[in-house]
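Colleague: Have a look at this one.
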Amino acid sequence: MNKIEHIGIAVNSLQSAGKIYGKLLNTTIYKIEDVLSEGVKTAFLSAGPNKIELLEASNPDSPIAKFIAKKGEGIHHIAFEVDDIKAEMERLKGEGFVLLNDEPKLGADNKLVCFVHPKSANGVLIELCQELEPRIKSQESR
Ligand code: ZN
Numbered sequence: 297m298n299k300i301e302h303i304g305i306a307v308n309s310l311q312s313a314g315k316i317y318g319k320l321l322n323t324t325i326y327k328i329e330d331v332l333s334e335g336v337k338t339a340f341l342s343a344g345p346n347k348i349e350l351l352e353a354s355n356p357d358s359p360i361a362k363f364i365a366k367k368g369e370g371i372h373h374i375a376f377e378v379d380d381i382k383a384e385m386e387r388l389k390g391e392g393f394v395l396l397n398d399e400p401k402l403g404a405d406n407k408l409v410c411f412v413h414p415k416s417a418n419g420v421l422i423e424l425c426q427e428l429e430p431r432i433k434s435q436e437s438r
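Here the sequence shown stands for residues 297 to 438, where the numbers follow the numbering used here.
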């Protein structure tokens, strides 16, 4: 696994949380994206090389709505960048981690993602993400 790619924070409102984090980091949201498959609306801010992903539920059945109902707003997941998500998923399965999806799926910010169950990781939801573009480029250049 490479570096932490971003930290995901569950919020009630992207608009108000976006303002607060914008002030905190002295920046503005650089990208807003609906991830329909996950029932979330995401907003990204950066602080130097680091990214914060704010997550708002886009429907009442969204995992973010359930998370906030149970725990309130707060840190939702930590995402790690990986070069080969399938290989990393196999490795983690072999180590006994419970993955929340069997196949990588398309997440926010042009990434293939997979989540590791928080029960497997001391209560923290872990996201693996692989940037899509470099891979496509490297395949093109072959
Ligand atoms: Zn994320």
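Each residue gets a CB set at the ideal place from its N, CA and C atoms; glycine is no exception.
Computed from a predicted model, the values in this text were never measured in an experiment.
1. Have a look at Pro-400, His-372 and Ala-343 and flag the residue whose alpha-carbon is nearest the alpha-carbon of Leu-320.
2. Check the DSSP bridge columns for Ile-303 and list the partner residues they point to.
3. Short check: CB of Glu-369 to CB of Val-409, under 8 Å?
4. State yes or no: is the C-beta of Gly-335 nearer than 7 Å to some heavy atom of the ligand ZN?
5. Taking 6 Å as the limit between beta carbons, can you name the residues of its chain near Phe-393, skipping five residues before and five after?
6. Glu-429 by DSSP, collapsed to three states: which one?
7. Any chance the CB of His-373 is under 7 Å from a heavy atom of the ligand ZN?
8. By the DSSP assignment, the beta strand (DSSP E) with Glu-329 in it spans what residues?
9. Please tell me whether Gly-304 and Leu-341 are closer than 8 Å, where the distance is taken between their beta carbons.
10. How would you call Gln-311, buried or exposed, if buried means at least 16 neighbouring beta carbons within 10 angstroms?
11. What number of angstroms, rounded off, separates the C-alpha of Asn-322 from the C-alpha of Gly-390?
12. Any heavy atom of the ligand ZN closer than 7 Å to the CB of Glu-427?
13. Does Gln-435 come out as helix, strand or coil in the three-state DSSP assignment?
Modeller: If we stick to the structure as given:
1. Ala-343
2. Ile-348 and Ile-374
3. no
4. no
5. Val-412 and Ser-416
6. helix
7. yes
8. 327-331
9. no
10. exposed
11. 42 Å
12. no
13. Confidence is the limiting factor: at Gln-435 the pLDDT is only 49, short of 50, which leaves the residue's position unreliable, though a coordinate-based value still follows. DSSP places Gln-435 in helix when its eight states are reduced to three.
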